[in-house]
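For the sequence shown, counting from 1, position 63 maps to 63 in this note's numbering; every step adds exactly one. Ideal placement from N, C-alpha and C gives every residue a C-beta, glycine not left out. What follows is a single structure, written as C-alpha coordinates, with notes after it.
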Amino acid sequence: MSFILKRKRFQWKTSKNDRHRLDALLEKPLNATYVSMDELLEHSDVISVNTPLTEETRHLLSEKEMQKMKNGVFVVNTARGPVIDEKMLVKYLQNGKIFPS
(Lines of atoms letter the chains of each structure in order from A and count residues from 1; the text may use other names and numbers.)
(Lines give C-alpha, C1' and ligand atoms only; values in the text may rest on other atoms or scores of the structure.)
Protein backbone atom coordinates (compact mmCIF):
# COMPACT_ATOMS: atom_id res chain seq x y z
CA MET A 1 0.00 0.00 0.00
CA SER A 2 2.87 2.42 0.66
CA PHE A 3 3.89 1.97 -2.99
CA ILE A 4 0.46 3.25 -4.03
CA LEU A 5 0.78 6.26 -1.74
CA LYS A 6 4.28 7.13 -2.97
CA ARG A 7 3.37 6.95 -6.66
CA LYS A 8 0.79 9.75 -6.23
CA ARG A 9 3.52 12.37 -6.71
CA PHE A 10 4.13 10.99 -10.23
CA GLN A 11 0.47 11.34 -11.29
CA TRP A 12 0.32 7.70 -12.37
CA LYS A 13 -3.00 6.07 -13.12
CA THR A 14 -3.02 3.20 -10.66
CA SER A 15 -4.95 -0.04 -10.72
CA LYS A 16 -4.83 -2.61 -7.96
CA ASN A 17 -5.85 -6.16 -7.27
CA ASP A 18 -5.80 -7.73 -3.86
CA ARG A 19 -6.77 -11.06 -2.40
CA HIS A 20 -8.91 -9.18 0.12
CA ARG A 21 -10.46 -6.02 -1.26
CA LEU A 22 -10.38 -3.00 1.03
CA ASP A 23 -13.54 -1.23 2.08
CA ALA A 24 -14.45 1.53 -0.41
CA LEU A 25 -13.81 4.22 2.22
CA LEU A 26 -10.26 2.95 2.69
CA GLU A 27 -9.62 2.60 -1.06
CA LYS A 28 -10.74 6.11 -1.97
CA PRO A 29 -7.72 8.00 -0.51
CA LEU A 30 -5.40 5.68 -2.47
CA ASN A 31 -6.87 6.95 -5.74
CA ALA A 32 -6.44 3.46 -7.17
CA THR A 33 -9.00 1.60 -9.21
CA TYR A 34 -9.72 -1.97 -8.15
CA VAL A 35 -9.62 -4.27 -11.21
CA SER A 36 -9.63 -7.99 -11.91
CA MET A 37 -6.28 -9.75 -12.11
CA ASP A 38 -6.76 -10.22 -15.87
CA GLU A 39 -7.40 -6.49 -16.38
CA LEU A 40 -4.36 -5.64 -14.29
CA LEU A 41 -2.13 -7.96 -16.33
CA GLU A 42 -3.47 -6.86 -19.72
CA HIS A 43 -3.31 -3.08 -19.20
CA SER A 44 -0.41 -2.34 -16.84
CA ASP A 45 2.95 -0.89 -17.87
CA VAL A 46 4.39 -1.63 -14.42
CA ILE A 47 3.29 -4.51 -12.19
CA SER A 48 4.43 -4.42 -8.58
CA VAL A 49 4.03 -7.71 -6.70
CA ASN A 50 3.69 -7.14 -2.95
CA THR A 51 2.25 -10.21 -1.26
CA PRO A 52 3.29 -12.77 1.33
CA LEU A 53 4.28 -16.22 0.11
CA THR A 54 1.52 -18.72 0.86
CA GLU A 55 0.25 -21.82 -0.91
CA GLU A 56 -2.37 -19.53 -2.48
CA THR A 57 0.23 -17.07 -3.81
CA ARG A 58 2.94 -19.53 -4.92
CA HIS A 59 3.46 -18.91 -8.67
CA LEU A 60 0.83 -16.16 -8.59
CA LEU A 61 2.55 -15.02 -11.77
CA SER A 62 3.13 -18.10 -13.91
CA GLU A 63 3.18 -18.61 -17.67
CA LYS A 64 -0.59 -18.17 -18.00
CA GLU A 65 -0.41 -14.73 -16.34
CA MET A 66 2.75 -13.66 -18.16
CA GLN A 67 1.14 -14.40 -21.53
CA LYS A 68 -1.57 -11.84 -20.70
CA MET A 69 0.91 -9.05 -19.90
CA LYS A 70 1.68 -6.19 -22.28
CA ASN A 71 4.92 -6.42 -24.23
CA GLY A 72 7.73 -4.59 -22.45
CA VAL A 73 6.03 -4.60 -19.05
CA PHE A 74 8.16 -3.86 -15.96
CA VAL A 75 7.67 -6.36 -13.13
CA VAL A 76 8.79 -5.29 -9.67
CA ASN A 77 8.81 -8.17 -7.19
CA THR A 78 9.09 -7.21 -3.53
CA ALA A 79 7.51 -10.52 -2.53
CA ARG A 80 9.29 -13.81 -1.90
CA GLY A 81 10.82 -15.32 -5.03
CA PRO A 82 8.40 -18.26 -5.49
CA VAL A 83 5.44 -15.88 -5.85
CA ILE A 84 6.69 -15.59 -9.44
CA ASP A 85 7.48 -18.73 -11.44
CA GLU A 86 11.17 -17.99 -11.96
CA LYS A 87 11.55 -20.43 -14.85
CA MET A 88 8.81 -18.63 -16.77
CA LEU A 89 10.17 -15.24 -15.72
CA VAL A 90 13.50 -16.07 -17.37
CA LYS A 91 11.67 -17.20 -20.53
CA TYR A 92 9.70 -13.95 -20.77
CA LEU A 93 12.73 -11.80 -19.94
CA GLN A 94 14.67 -13.49 -22.74
CA ASN A 95 11.92 -13.05 -25.33
CA GLY A 96 11.38 -9.38 -24.39
CA LYS A 97 7.81 -9.67 -23.11
CA ILE A 98 9.02 -8.54 -19.68
CA PHE A 99 11.53 -5.69 -19.64
CA PRO A 100 14.67 -6.48 -17.63
CA SER A 101 14.85 -3.99 -14.78
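In its own chain, which residues sit with a C-beta less than 8 Å from the C-beta of residue i, not counting the 5 before and 5 after it?
| i | result |
| --- | --- |
| Lys28 | none |
For a test of the three-state rule: what should DSSP assign to residue i, helix, strand or coil?
| i | result |
| --- | --- |
| Lys16 | strand |
| Ala79 | coil |
| Val49 | strand |
| Val35 | coil |
| Leu61 | strand |
Quick one, are the C-beta atoms of residue i and residue j less than 7 Å apart?
| i | j | result |
| --- | --- | --- |
| Ala32 | Thr51 | no |
| Leu61 | Ile84 | yes |
| Met37 | Met66 | no |
| Ile47 | Val90 | no |
| Pro100 | Leu93 | yes |
Applying the 10 Å Cβ sphere with the 16-neighbour rule, what's the burial state of residue i?
| i | result |
| --- | --- |
| Ser104 | Residue 104 is absent from the structure shown; the chain starts at 1 and stops at 101. |
| Leu41 | buried |
Would the C-beta of residue i count as close to the ligand SAM, meaning under 6 Å from any of its heavy atoms?
| i | result |
| --- | --- |
| Phe99 | Of the ligands one can find in the structure shown there are none, so the ligand SAM has no counterpart to examine. |
Excluding five sequence neighbours on each side, which residues of the same chain lie with their C-beta closer than 6 Å to the C-beta of residue i?
| i | result |
| --- | --- |
| Asn77 | Val49, Ile84 |
Return the chain-ordered list of same chain residues with a C-beta closer than 7 Å to the C-beta of residue i, the five sequence neighbours on each side being excluded.
| i | result |
| --- | --- |
| Arg21 | Tyr34 |
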